[in-house]
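First comes the structure, then the notes that go with it.
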Amino acid sequence: FGPLPKEMRDDTAFMDRIHAYVPGWDFPKLNKSFLTNHFGLVSDYLSECWTRLRDINRMTTVLPRIDYGGALSGRDTTAVNKTVNGLLKLMQPDPASPVSDELLEWAVKIAMEYRRRVKEQQKRIGSAEFRNTHFSYRLGEDGVETFVTTPEIHSENTIGEDPLPPGQVWTLNAGGQEENVGLYKMEINVGPGSGIKILNKPTPPPFQESVRFAEQNLYSKSKLLIGDRDPRSHEFSIQLRAFDASKSGNGTGMAVLIGLCSAMLEKNIKGGVVIIGQLNLGGSLDMVYNAVNLAEIAIEKGATTLLIPLNARKQLNDLSDDMITKINIQYYSDLKDCLMKALVE
C-alpha cells in the first residue's frame with residue numbers, strides 16, 4: 004500500500020476496512036486476442052445488470068457449507084463473504100442455479116487470498132493484533148482444513164510459516180562423511196489398498212530403508228499413534244523432493260512416519276516446522292551428532308520451529324545467542340511426543 008497517501012498507508016484501522024486487494028500482476032495486459040467481432044453488451048446495460056445483482060444474496064444458501072478457520076476476525080469474515088458473494092453472482096447470475104463445491108471452493112480461495120494480502124500489509128506495519136494470517140477453511144462437515152497463502156510469499160524451496168496439508172512434511176537429513184545436510188519435503192497421499200508405494204524411481208536405497216522403518220513402526224504402534232484407524236487397509240504414495248545436493252533421503256525415517264500419521268488422521272502439520280530424526284525398527288531414535296549445524300541450516304531454510312530428538316540437547320547448548328533467538332527448538336522423547344508437537348491442534 005506504499006502508493007497510498009501517507010495518512011492512509013500506515014493506518015491499520017483504515018486498511019482493515021479494505022475487503023480485498025488485487026495486485027496488478029493478476030490482470031493480463033490488454034491485447035487483440037481479447038477483442039471480438041461479435042455482438043457485445045454496451046457498458047450502461049451491463050452496469051445496470053450488475054446493479055440489479057447487488058440486491059441478490061447468494062451467501063444465505065452456501066454459508067452453511069463453509070467453516071472458516073480461527074485466524075479470521077469478524078472483519079475478515081465479512082470481507083471474505085462479500086467477495087465470495089460477488090464472485091458467485093458473476094459466475095452464476097441466476098439465483099436459482101445450484102452452486103457446486105468446485106465453484107464455491109474456487110471463490111473462497113480467491114476471496115481469502117485477496118483478504119490475506121490486506122492482513123499481510125497490516126502485519127508488516129507491526130501491529131500485534133494482525134500477526135495471525137494463517138487463513139483456512141473447510142467445506143462440508145467432513146472437509147479437511149485447507150490453508151490459503153498468497154503466491155508472492157510462497158516459495159517452493161524454503162520452509163513457509165503456513166501449515167502444510169495432511170501428509171506433507173519438511174525434514175533435514177543428518178548428512179555424513181560422504182554427504183552434506185539437505186532439505187527435503189515429503190508428500191504423502193493415502194487411499195484404499197495396502198502397502199506403501201514410493202514414487203521416486205529409481206528409489207535411493209537409504210530412503211527406502213527410512214520408509215521401511217517408518218512403515219513397520221506405523222503398523223506396530225498404530226493404536227498409540229492413530230487410534231482405531233487401520234493403516235494396513237490403506238495404500239500410501241510417497242514422493243521425496245530434494246532441494247539441495249543431497250538426494251539420498253538418508254536418516255528421514257521420523258519425518259516419513261509423521262507424514263504417514265498426518266495423512267491417516269487428515270491433520271495438518273504446523274507451519275514453519277522441520278523434523279529431524281532417524282528411527283530404527285524397534286522405534287528408538289538414532290543419535291544426532293551435528294545438531295548445531297542442523298539448527299543453523301534449518302534457520303537458513305526458513306524454519307521457525309525445530310523438532311529434534313532429546314539426545315541432541317547438550318549439543319544445542321553451543322548454538323550461538325544470535326541463532327538461538329531465531330528458532331524455537333522443541334525436543335521430543337518418542338514417536339508419540341513428536342507427532343503431538345508436529346500436528347496442528
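Adding 3 to a residue's 1-based position in the sequence shown gives its number in my numbering.
Glycine included, C-beta positions come from ideal geometry on N, C-alpha and C.
- Our two residues, Leu-66 and Val-102, have alpha carbons roughly 11 angstroms apart in a direct line.
- In the three-state DSSP reduction, Asp-324 falls in the helix class (H, G or I).
- With 16 or more other Cβ atoms inside 10 Å of its own Cβ, Leu-260 counts as buried.
- Taking every protein chain shown into account, the CB of Arg-118 has 16 or more other CB atoms within 10 angstroms, so this residue is buried.
- DSSP places Leu-282 within a strand segment (E or B) once states are collapsed to three.
- Measuring C-alpha to C-alpha distances from Ile-278 to each of Asn-220, Leu-227, Arg-61 and Asp-340 identifies Asp-340 as the nearest.
- Between Ile-311 and Tyr-334, the C-beta spacing is below 8 angstroms.
- Each of Gly-146, Gly-185 and Ile-113 was checked against the Cα of Thr-152, and the nearest Cα belongs to Ile-113.
- Under DSSP, Gly-194 forms a beta bridge with Glu-238.
- Looking at the DSSP output, Ala-245 bridges to Tyr-187.
- In the DSSP assignment, Val-111 falls within the unbroken alpha helix (DSSP H) covering 104–128.
- Judged by DSSP in its simplified three-state form, Lys-224 adopts coil rather than helix or strand.
- The three-state secondary structure of Thr-136, taken from DSSP, is coil.
- By the criterion of a C-beta distance shorter than 8 angstroms, Arg-316 is surrounded in its chain by Tyr-334, once the five residues flanking it on both sides are discounted.
- In the DSSP assignment, Leu-49 falls within the alpha helix (DSSP H) that extends over 46–56.
- In this structure, DSSP gives Leu-342 a helical state, which the three-state scheme calls helix.
- The Cβ atoms of Leu-297 and Leu-167 do not sit closer than 8 angstroms to each other.
- In the DSSP assignment, the residues bridged to Tyr-71 are Tyr-140.
- Here Gln-95 carries a coil assignment [DSSP, helix/strand/coil].
- With fewer than 16 other Cβ atoms from the protein chains shown falling within 10 Å of its own Cβ, Val-45 counts as exposed.
- Put simply, of Glu-182, Asn-293, Lys-273 and Gly-256 the residue whose alpha carbon is nearest the alpha carbon of Asn-331 is Lys-273.
- DSSP, read as helix, strand or coil, puts Pro-312 in strand.
- One alpha carbon belongs to Lys-200, the other to Leu-282, and they sit about 19 angstroms apart.
- Distance check between Ile-191 and each of Lys-270, Glu-144, Ile-302 and Ser-223 places Lys-270 closest, using alpha-carbon atoms only.
- In the DSSP assignment, Asn-296 falls within the alpha helix (DSSP H) that extends over 294–303.
- Under the DSSP assignment, Val-65 falls in the alpha helix (DSSP H) whose first and last residues are 62–65.
- By the neighbour-count criterion, in which 16 or more other beta carbons inside 10 Å mark a residue as buried, Tyr-222 falls on the exposed side.
- Judged by beta-carbon spacing, Asp-13 lies within the 8 angstroms limit of Ile-128, meaning their Cβ atoms are closer than that value.
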